[in-house]
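Read left to right, the sequence shown gives residues 4 to 382 (our numbering).
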Amino acid sequence: MTHLASIFQDLTIDTDLKAIAQKVIDKSRITPEEALVLYEKGDIAYLGALANHIREERYGDQTFFNRNFHIEPTNVCVFSCAFCAYSKLYKHREEGWELSIEQMMHIVKKYDGIPVTEVHIVGGVHPKLDLSFFCDLLRQIHAYRPDLHLKGFTAVELDYMFRKSKLTRQEGLQQLKDAGLQSLPGGGAEIFAPAIRKQICEDKIDGAGWLDIHKTAHQLGMHSNATMLYGHIEHYTDRIDHMNQLRLLQDETKGFNCFIPLKFRNQDNDMSHIPETTLIEDIKAYAIARIFLDNFAHVKAYWPMLGRNHAQLMLNFGVDDLDGTIDDSTKIYSMAGSEEQNPAMSTEQLCSLITDAKRIPVERDSIYNILRVYENEQV
Ligand code: V47
Ligand code: SF4
Numbered sequence: 004m005t006h007l008a009s010i011f012q013d014l015t016i017d018t019d020l021k022a023i024a025q026k027v028i029d030k031s032r033i034t035p036e037e038a039l040v041l042y043e044k045g046d047i048a049y050l051g052a053l054a055n056h057i058r059e060e061r062y063g064d065q066t067f068f069n070r071n072f073h074i075e076p077t078n079v080c081v082f083s084c085a086f087c088a089y090s091k092l093y094k095h096r097e098e099g100w101e102l103s104i105e106q107m108m109h110i111v112k113k114y115d116g117i118p119v120t121e122v123h124i125v126g127g128v129h130p131k132l133d134l135s136f137f138c139d140l141l142r143q144i145h146a147y148r149p150d151l152h153l154k155g156f157t158a159v160e161l162d163y164m165f166r167k168s169k170l171t172r173q174e175g176l177q178q179l180k181d182a183g184l185q186s187l188p189g190g191g192a193e194i195f196a197p198a199i200r201k202q203i204c205e206d207k208i209d210g211a212g213w214l215d216i217h218k219t220a221h222q223l224g225m226h227s228n229a230t231m232l233y234g235h236i237e238h239y240t241d242r243i244d245h246m247n248q249l250r251l252l253q254d255e256t257k258g259f260n261c262f263i264p265l266k267f268r269n270q271d272n273d274m275s276h277i278p279e280t281t282l283i284e285d286i287k288a289y290a291i292a293r294i295f296l297d298n299f300a301h302v303k304a305y306w307p308m309l310g311r312n313h314a315q316l317m318l319n320f321g322v323d324d325l326d327g328t329i330d331d332s333t334k335i336y337s338m339a340g341s342e343e344q345n346p347a348m349s350t351e352q353l354c355s356l357i358t359d360a361k362r363i364p365v366e367r368d369s370i371y372n373i374l375r376v377y378e379n380e381q382v
């Protein structure tokens, strides 16, 4: 890894890149135009030096993870995003799944006695499942296991739920919060640029709506995450515009916990003709996100989607969080071609992935309070 100081000694490095490196050292914010310079001129040694500098200034070698599991209530969905390999239209619902509250409580009970701290609830947008169904689900999980942080529902699911119930976003989110919901995951953001959204997910909530739901959640005191689906038909400028809109909202609310770049996977969907990005491009996407999003505390590599080896590599390119361990039972990526066909990693396996990369595993809760540092310890 190029050391940051060597960038200034290297006479072959472009003057724009040197100026950006100086800004990073001075902790001053880079502009969208400078982010484009990073995409166009930065090689991975240079980008890695900058992103790693930021990551190590904040956390040293500490690398966060939490113990969580997923519940996916259904894959039946009223929408048909071109990149989605997971959903089934209502008319084909017999090919998909729809879980009852009882079946979902059965999943929760499988974790009896296991020290998980979070459940992540996310799925398709089912036309018959409404706000009161999900409030019931949240109340039952909370009553059974009050120690679990309830993170659930993308802005896409929420928008549909609230419109169906004829509630404002604030009223709907308040009801879910009263039922126990504590934070929102980052899904559904894709790429905000309307011209790209029109081609990949025309019929669901637009970028402004996604941002407004997160803003409303933040105003109600809830935290959330942000994602960006990259590596399909978007341009670098669309990624920068997407991250810029997130950065502006974060300036206003400070409600985002982390940013998660999601690599487009091309199996079994309507965009299978589009090749997946190379590892070099993935590294650039992660490192530039870390450099650009100066007001986001954490950048997460979601290993079930990226693959555990690439997620591990990203620990040198700005990533400080590897998400969850116990049994990441999500199907959304394995169905779209991720190498993680049955994503489950024990705490021990995840900690070795982190220590192999010469980093220190740190178990966190859902809002990044440190629960345990695994330094020179047996897991
Ligand atoms: O919005 C769907 C993505 C997202 C594909 O907040 C795909 O902690 C790549 O956002 N290739 C949902 N990506 C999942 C999500 C998430 C996952 C884990 C943790 C968190 C968090 C959030 O999955 C969708 C979409 O962007 N997705 N299909 C695909 N073929
Ligand atoms: Fe439905 Fe989400 Fe798939 Fe789009 S990505 S079709 S909203 S499940």
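Virtual Cβ for every residue (Gly too), placed ideally from N, Cα, C. Values in this document were obtained by computation on a predicted structure and should not be read as measured data.
Item: Close beta carbons around leucine 151, own chain, < 6 Å, minus the five adjacent residues each side; Value: Val122
Item: Distance, tryptophan 306 Cα to asparagine 372 Cα; Value: 21 Å
Item: Same chain only: Cβ atoms within 6 Å of valine 40, ignoring 5 sequence neighbours per side; Value: Asp19
Item: Range covered by the beta strand (DSSP E) that runs through aspartate 324; Value: 324-327
Item: For isoleucine 16, the first and last residue of its enclosing beta strand (DSSP E); Value: Element bounds for isoleucine 16: n/a, residue is neither H nor E.
Item: Beta-carbon separation (whole angstroms), histidine 235 vs isoleucine 203, contact threshold 8 Å; Value: 7 Å
Item: Residue burial classification, phenylalanine 137 (beta-carbon count within 10 angstroms, cutoff 16); Value: buried
Item: Cutoff 7 Å; reference aspartate 297; Cβ partners in own chain excluding five residues on either side; Value: Arg32
Item: Other residues of its chain near leucine 141: CB distance less than 7 Å, five sequence neighbours each side excluded; Value: Leu153, Leu179, Ala182, Gly183, Leu184
Item: Cut-off 6 Å between Cβ atoms - residues of its own chain near isoleucine 144, not counting five sequence neighbours on either side; Value: Val111
Item: First and last residue of the uninterrupted alpha helix (DSSP H) at phenylalanine 11; Value: 7-12
Item: Terminal residues of the alpha helix (DSSP H) in which cysteine 354 lies; Value: 350-359
Item: Identity of the residues DSSP links to lysine 218 by a beta bridge; Value: Partner(s): none; lysine 218 has no beta bridge.
Item: Residues near proline 118 in its chain [Cβ-Cβ closer than 7 Å; skip 5 each side]; Value: Arg70
Item: Classification of proline 364 by the beta-carbon crowding that lies within 10 angstroms, buried from 16 upward; Value: buried
Item: Backbone secondary structure at histidine 238 - three-state DSSP; Value: coil
Item: For methionine 308, the nearest candidate out of His217, Gly224, Tyr233 (CA to CA); Value: Tyr233
Item: Member of Arg148, Ser135, Ile104 whose CA lies at the smallest distance from the CA of aspartate 115; Value: Arg148
Item: Helix, strand or coil at methionine 4 [DSSP, three-state]; Value: With a pLDDT of 49 at methionine 4, under the threshold of 50, the modelled position of this residue cannot be trusted, and the question is left open.
Item: Selection from Ile294, Ala304, Leu325, Lys303 that minimises the alpha carbon distance to glutamate 37; Value: Ile294
Item: Segment contact flag, the stretch 216-233 with the stretch 251-265, C-beta cutoff 8 Å, min 3 pairs; Value: yes
Item: Run of the beta strand (DSSP E) containing phenylalanine 262, from where it starts to where it stops; Value: 259-266
Item: Alpha-carbon spacing of isoleucine 104 relative to serine 135, whole angstroms; Value: 12 Å
Item: Residue span of the alpha helix (DSSP H) that contains glutamate 121, given as start and end; Value: Careful: glutamate 121 lies outside any alpha helix (DSSP H), inside the beta strand (DSSP E) at 121-124.
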